Each structure stands twice: as structure tokens, then as C-alpha cells.
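Right, one structure below, let's go through it.
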Amino acid sequence: MQALKRAAGPPVLLLCAAGYLAAVGIAGGSVASMLICAVYAAFCVYAPGAGFARLCGAKRFGLGQTAAIVFGAALFTLLSAAASVTGVWLVLWLPLLWTVWDMFQHRRELSWKTPRANLILPLVTLLTIAAAVVPQTHAAAAGQIVPNHDFYWNLGNVESFLNGFPPSDLRFSGYTLTYHWLTELFCAGFTMASGGAAYDITAFFVPAVMLLALLAVLFECGALFLGAKQRFVTLFVWLMLFGGCASLWKVIERGYSPFWNLNMRHLLTNINGVATGTLFLAAFSACVWMLWQKTPPRWVYGIGTASFLLLTLAKGPVGGIAAPALAAACVWECGVSLYKKQPLQKPLRRAAFAVWILLIFGLVYLWLFSAGAGTSVHFDVDGTLSKSYFANILAALQVRFPAFYPAFLPLFWGLQTLCFAPFGALFALAGGALWLWRRGASSPVWVFAAAGAAGGFLAFYLFDHEAMSQMYFAFAGLFFCNLIGVKALSVLWPRRAVRAVGIAALTVCFATGACTAVWLGMQAVEPGQSPRDLTLSAAEEQAMEVLRREMQPGEQFITNRIHTGAALEGLSNVYSGLSGRQCYMEGFKYAISNLGVTSEEAAARVETAKTLFSAQTGAQAAQALPEGVQVIVYSKHASQSGWDVLEGEPCLAESWADDGALSLVFENEDVMIFRAA
Numbered sequence: 015m016q017a018l019k020r021a022a023g024p025p026v027l028l029l030c031a032a033g034y035l036a037a038v039g040i041a042g043g044s045v046a047s048m049l050i051c052a053v054y055a056a057f058c059v060y061a062p063g064a065g066f067a068r069l070c071g072a073k074r075f076g077l078g079q080t081a082a083i084v085f086g087a088a089l090f091t092l093l094s095a096a097a098s099v100t101g102v103w104l105v106l107w108l109p110l111l112w113t114v115w116d117m118f119q120h121r122r123e124l125s126w127k128t129p130r131a132n133l134i135l136p137l138v139t140l141l142t143i144a145a146a147v148v149p150q151t152h153a154a155a156a157g158q159i160v161p162n163h164d165f166y167w168n169l170g171n172v173e174s175f176l177n178g179f180p181p182s183d184l185r186f187s188g189y190t191l192t193y194h195w196l197t198e199l200f201c202a203g204f205t206m207a208s209g210g211a212a213y214d215i216t217a218f219f220v221p222a223v224m225l226l227a228l229l230a231v232l233f234e235c236g237a238l239f240l241g242a243k244q245r246f247v248t249l250f251v252w253l254m255l256f257g258g259c260a261s262l263w264k265v266i267e268r269g270y271s272p273f274w275n276l277n278m279r280h281l282l283t284n285i286n287g288v289a290t291g292t293l294f295l296a297a298f299s300a301c302v303w304m305l306w307q308k309t310p311p312r313w314v315y316g317i318g319t320a321s322f323l324l325l326t327l328a329k330g331p332v333g334g335i336a337a338p339a340l341a342a343a344c345v346w347e348c349g350v351s352l353y354k355k356q357p358l359q360k361p362l363r364r365a366a367f368a369v370w371i372l373l374i375f376g377l378v379y380l381w382l383f384s385a386g387a388g389t390s391v392h393f394d395v396d397g398t399l400s401k402s403y404f405a406n407i408l409a410a411l412q413v414r415f416p417a418f419y420p421a422f423l424p425l426f427w428g429l430q431t432l433c434f435a436p437f438g439a440l441f442a443l444a445g446g447a448l449w450l451w452r453r454g455a456s457s458p459v460w461v462f463a464a465a466g467a468a469g470g471f472l473a474f475y476l477f478d479h480e481a482m483s484q485m486y487f488a489f490a491g492l493f494f495c496n497l498i499g500v501k502a503l504s505v506l507w508p509r510r511a512v513r514a515v516g517i518a519a520l521t522v523c524f525a526t527g528a529c530t531a532v533w534l535g536m537q538a539v540e541p542g543q544s545p546r547d548l549t550l551s552a553a554e555e556q557a558m559e560v561l562r563r564e565m566q567p568g569e570q571f572i573t574n575r576i577h578t579g580a581a582l583e584g585l586s587n588v589y590s591g592l593s594g595r596q597c598y599m600e601g602f603k604y605a606i607s608n609l610g611v612t613s614e615e616a617a618a619r620v621e622t623a624k625t626l627f628s629a630q631t632g633a634q635a636a637q638a639l640p641e642g643v644q645v646i647v648y649s650k651h652a653s654q655s656g657w658d659v660l661e662g663e664p665c666l667a668e669s670w671a672d673d674g675a676l677s678l679v680f681e682n683e684d685v686m687i688f689r690a691a
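Each residue of the sequence shown is one higher than the last, beginning at 15 in my numbering.
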């Protein structure tokens, strides 16, 4: 295991950076934008945070990197929001003044030693290229691609921040973006600071920089919880990044876990902010550890508050697990103190902090998440399992043993969890429980971890979301399971039987993780195209650049491309994401699941679009334009596939410009853009 942590020289760092930049260039991205963003991240995000961390003395407590990243990210969040509100991008470069002054003041303390790279870095670089760079290659560079609808959802959110604050939903007009949008705000901030394209920053830069920050924080968090046993800290980090599920052939077949352990993919691409959320979950957990030290420094309450607020803005469901877990640890501590008749001053101080954290979560929930959660998240004890690998078995049990069916559910919860995370779940349930009972029962930090693991997976099974967003509860549970599991393994390692079981479980995890990694590499070398997915062509990307220039602020467009393929589920986010312009309705599924839009309203807009694109003449189309819509984007590509709003019915848009009611602004082989005369 120590070999996995062995340092590599500076040439490896340079080789990784050069290889990544070369891949970005081949994918059609701007290498210059990547370099400007890297300079900005170093001197305007990390350096100011490192200055604050030095003032606090965080390094003495083992939190030097974590404090620097959290403080820097908090400042960057505020400046990005300010730049979005004012439109003044120079605001983002103000920290450079602090950095220059701080470096001058501490010029004798500056160390110019080149950082040494962990051997994990080349592997992460290769996998990030395979998972994030190649799949998001510009259509203009590849000819055509199969778009990832979640990525284009994120891209549209980034563009919305570039248009102003608070952000609006570009796919469904009239609604504010109520969503955990911190990652998108970061992307918008880097875009404004660098002057680059939002696509390049979102697809290529932010996933890489978030992974680097995540690695730093995971190592520090692991060192606090796991102690000085470096090999187990490294094992924890490897499990978080590369651990797989209890499967093999299904993973080899497609690279996807049949038990939904897609943590590796989400961390590598940072789509929907999973890497950002895990980063701040690890930072918050490290702060929780510090709270229970003999003399916790006062600044830990500040960094704890900042990291939790950033966590909730990055991944709201994960904040909903971390806050109650801290409360559970405080209740446990107060109960033990009362039972043993010990002083309550320190336990009550920590309990007050837990109440403060719960209050923050409640306020953010009411502000950002209540609309979508109220309409799309439902309490359902078998909702998640009914979609799982065991769905057919459960259906048979429900028919044959209806009276005992509820009793079967907890058994399948446990089975699904073991298959989801064979090592973490096994050792968290068995070895972890034994260790907590015998050695750590009085340690509230491990109660916090246990509550996080149990709460994450219970929420995963008890709540059902139509877009399967309860998966993020499971990712939170996975983090805590891995933490407890590795700790249990480190304590019980001398026992041969435990060592054998641990090695077997780890072999399964890393074998399936390796299958996913190999599949990602094969997909990058020979990308396949599903006959059920609507591709994005170079001509469409070109048309969206024209649309960006043609439309004025406040204008809206309407399009017939609202689906992503044969599923016809209203998930297209492509045109609004590429153009950065407001659409009347491009996709509606996420508007329903995240923004509180009703199915009836979405259906009414679909009918409006059908009526417009069924028009025989330009005059009829102009008359059918919804209020506030000035531009029509007709996708020949989507229409020819039969997966547009008309679902295969013919459209006469190519003759709309003949009667003068609509003016043809742009046309190529795949797209026509009209403006009302």
C-alpha cells in the first residue's frame, strides 16, 4: 500500500499537466483559458485562503490545506456572486492585491520547493480525460457527439449566472433557478475572470481543479480520523475515488454498476457537483473532528460554518445528512455527560453549534430546495428498491407473501447496501460496530460518522425522487461507511480472519472499479453512439453561436428540440446551454423535479410548441408564438430523427419565410433560426 503513496518527481506533475492540456486542445477547448484559470485559482482563490489559514495556525492542527481551500472558496463564492450581480468582472481579481501584499510580507518564509505528486495523480489525470474531457468534446471538433443532458443542464446554469443574479432557469422561462448551484457559480466565476468560454471552463477546468482540491482535503480528513497510519489514509482516499460495487460481469459489459455505485464517474466529471459536495463534506467532517479535541481553536467554528454552507449550496441532500449527524453526536455526548454527571459546558457549546448548523440548513432549504423537494420527493419505503437490481425478486415476494413484504424490505436495504459498497458497508456494519462498542463508544466523532452512514443510506431507501436524486444520500453514506470501515480495518488488522475478509472485500471493490476505469478508457478511444440518443452536430453548435449573437437580453426563443432521444422525456438542455439564451421551454423534466413546475404547466407548454411547429405558413407560426417569444429555432436534425416535439409528424418550417411574417436569420444543414418580423 505504501507503494501507492510513493511520491513521484516534478516531471510527473508536468507530464500530467501537459497531457491534460493536450487532451483539452484536441477536444476543441481553449488551452489559454485553462492556463489563465489555473493562474487565477492559484493566486486569487488558494493563496488568499492560505493566508487566512496561516493567520489561524490551521497547519498546526493538520488542517492547513483544508482551511486554505475552504476560506478561498468562500471568498471566491462571494466575489463570483458580486460579479454576477454587477457585471463587473474585475471584482474577481481583487484578491490578487491581497496575495501580492501577503507574499511580500512573508517573502522570507516563501518556499519555492516544487510539490511532489502522488502516484494517484497520473491515474486520476488519465481517468478524468476519459470521463470528462473526451465525452464533452466540442461537436465542432468531433463532427457530432452524444450530449450528456446533465452536463448541458449544468452548462445552462453557468450561463444563467453570466446573465445575472439571481439565476433563472434557461430551459423553462419564468422560474428562478432553485437548485444547489455552487459548482455552476464557481464555473461562472472562472469564466468571468478568464474571459474564456463557459463550455470549456465547465467541461474541462473545474472538474480537474475540484479533483485536486478533493484529494488534498480527503488526505487531511483521513489523517485526522484514521491517525498516523498513512497506508490506511491512502486506502481511504483510493476507496473514495476508485472503489466499486459487488459485481463483475455487468460492470465489464457496460462499465456501469448494476447497484448504482457511480461515485467514480460523478467525482471524475463533477457533473451535478458531486466532487464539490464531497470536498466540502470532507472539510466539514474534519472540522467536526476538531470540535471534540481537548482545546478546539475558535476559528474551527468559522471554518465549520463556511464549509457546511458551501456543502449545502454544492449538494443540498448531503447537507441534510451531515447536519442531523452532528446533532446526533451532540445528543449522544450530552446524554453520556448527564449519565456520568460530568460538566455540560463544552457539550452544550458544541450542541449550540449543531443547532446553528441545523438552522443554516433550514434556511438554505427554504430558499433553494423547498419548491422542487415538495413536488418531486416522496416518502416511499420501497420506491428506491422498486427500481433496483432486486426489483423482480421483490415483486415476486410481494405477490406471494403480501403480509410479510414489509419485513423483507430492511433485509433488501442491507443487501443493496452491501452490493453498493462491499467493503465499506461490511466493515461499517460488522467491524465498525464492534470497534465503536468496545473502543470508541464514548467518542462523539464516531457517532457523527455512524449517524452519517446510517442516515445517508436510510434516506436513500426511504425517499424517492423522480430523477433518482436520492442517489446523493447514498454517496454521503458511502463517504462515512468508507471512513468507519477503514478505521475498523486498521484497528482489527492484526486478526488474520479480519485481514482475509478485508482483503477479499477490497479486491472486489477495486476489481469492479478497475472495470469501470477500463471501460471509460475504451469508450474514450472508441466512443459509441446509442441508436436511442439524439446526437449533437457541429452544425447545431455553430447555429447556437449565431443565436447567442442574434438574441438580445430579455428575449426568448422556442424550439422543437425538447427531447434527448427515444425516451421522449423532455430532457434536452442543449440549445439553451450552448447559446446561453432564455428558452420558452427546451426541456421540462428537471423543471418539474427541481423547480416545482407542475406537470400540467409543462404539458400545456408542450402543446403550445406542437401547435407552433405544426403551422402551415410563417404567418400561422408567428400568430402561434407565445407571449414574450421573438425567436424560433427549428432543429432539422431533431425533426428528422422523429424525436422532436412533433414526434415524427412533418413540419413545414422550411417554407415559413416565404410569406414575410417571419424572417430567416440563419440556416445550415441542421438548424433554421427565424425572428418574428
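Note that the Cβ used here is the ideal one computed from N, Cα and C, for glycine as well.
All values derive from a computational prediction rather than experimental measurement.
- Here Asn406 is exposed: its Cβ has fewer than 16 other Cβ atoms, across all protein chains shown, within 10 Å.
- Val332 is positioned such that its CB atom lies closer than 8 Å to that of Gly291.
- Taking C-beta atoms as the reference points, Pro221 and Ala289 count as a pair closer than 8 Å.
- Restricted to the stretch 418 to 479, the alpha helix (DSSP H) segments that are unbroken, complete and at least 4 residues in length are 419 to 434, 436 to 440, 446 to 452, 458 to 476, listed in chain order.
- In terms of CA proximity to Ser483, Phe383 leads the group Asn177, Phe404, Phe383, Glu683.
- Taking each of Phe256, Arg689, Leu639, Phe165 in turn and checking the Cα distance to Ile215, the smallest one comes out for Phe165.
- In chain order, Glu564, Ile687, Phe688, Arg689 place their CB closer than 7 Å to the CB of Val679, counting only its own chain and leaving out the 5 sequence neighbours on each side.
- Relative to Gln79, the option among Ala56, Val99, Ala145 whose CA is nearest is Ala56.
- Counting along the chain, Ala328 sits inside no beta strand (DSSP E); it lies in the alpha helix (DSSP H) bounded by residues 313 to 328.
- Look at Gly287 here: in three-state DSSP terms it is helix.
- Contact between the stretch 548 to 563 and the stretch 621 to 632 is absent: fewer than 3 CB-CB pairs across the two stretches fall below 8 Å.
- Here Gly210 has Ser44, Ser47 as same chain residues with Cβ atoms under 6 Å from its own Cβ, once five neighbours each way along the sequence are excluded.
- With respect to the 8 Å criterion, Asn177 and Tyr193 are not classified as neighbours on the basis of their beta carbons.
- Scanning its chain for C-beta atoms nearer than 6 Å, with the 5 sequence neighbours on each side dropped, one finds around Gly584 the residues Ile576, Gly601, Phe602, Lys603, in chain order.
- Our two residues, Ala409 and Phe487, have alpha carbons roughly 24 Å apart in a direct line.
- Rounded to whole angstroms, the separation of the alpha carbons of Thr573 and Tyr648 is 6 Å.
- With 16 or more other Cβ atoms inside 10 Å of its own Cβ, Tyr598 counts as buried.
- Scanning Glu615, Phe434, Ile606 for the CA closest to the CA of Leu276 turns up Phe434.
- For His120, there is no enclosing beta strand (DSSP E), as DSSP marks it with neither H nor E.
- Just measuring C-alpha positions, the residue of Leu111, Cys259, Asn496 sitting nearest Leu429 is Cys259.
- Counting other Cβ atoms within 10 Å of its Cβ, Trp427 reaches 16 or more and is therefore classed as buried.
- Look at Gly642 here: in three-state DSSP terms it is coil, with no helix or strand label.
- When only Cα atoms are considered, Ala52 and Gln244 end up about 29 Å apart.
- Beta-bridge pairing by DSSP links Gly579 to Asp547.
- 8 Å or more divides the Cβ of Ser187 from the Cβ of Gln637.
- For His152, the three-state secondary structure derived from DSSP is coil.
- Within the same chain, Gly499, Ala502, Leu503 come within 6 Å of Phe441 by CB-CB distance, once the 5 residues on both sides are set aside.
- Collapsing the DSSP output to three states places Ala690 in a strand.
- Excluding its 5 nearest sequence neighbours in each direction, Cys30 has C-beta neighbours in its own chain below 8 Å: Ala131, Leu135, Pro136, Thr139, listed in chain order.
- Ser586 and Gly157 have their C-alpha atoms spaced approximately 19 Å apart.
- Comparing alpha-carbon positions, the option among Lys354, Glu559, Gly516, Arg312 lying closest to Val685 turns out to be Glu559.
- Pairing Leu35 with Gln150, the inter-Cα distance amounts to about 14 Å.
- Relative to Asp658, the option among Leu249, Ala580, Ala297 whose CA is nearest is Ala580.
- In the structure shown, Ser677 adopts extended strand secondary structure according to DSSP, grouped into three states.
- When the five nearest sequence neighbours on each side are left out, the beta carbons in the same chain lying within less than 6 Å of the beta carbon of Thr431 are those of Ala439, Phe471, in order along the chain.
- Under DSSP, Thr573 shares a beta bridge with Val647.
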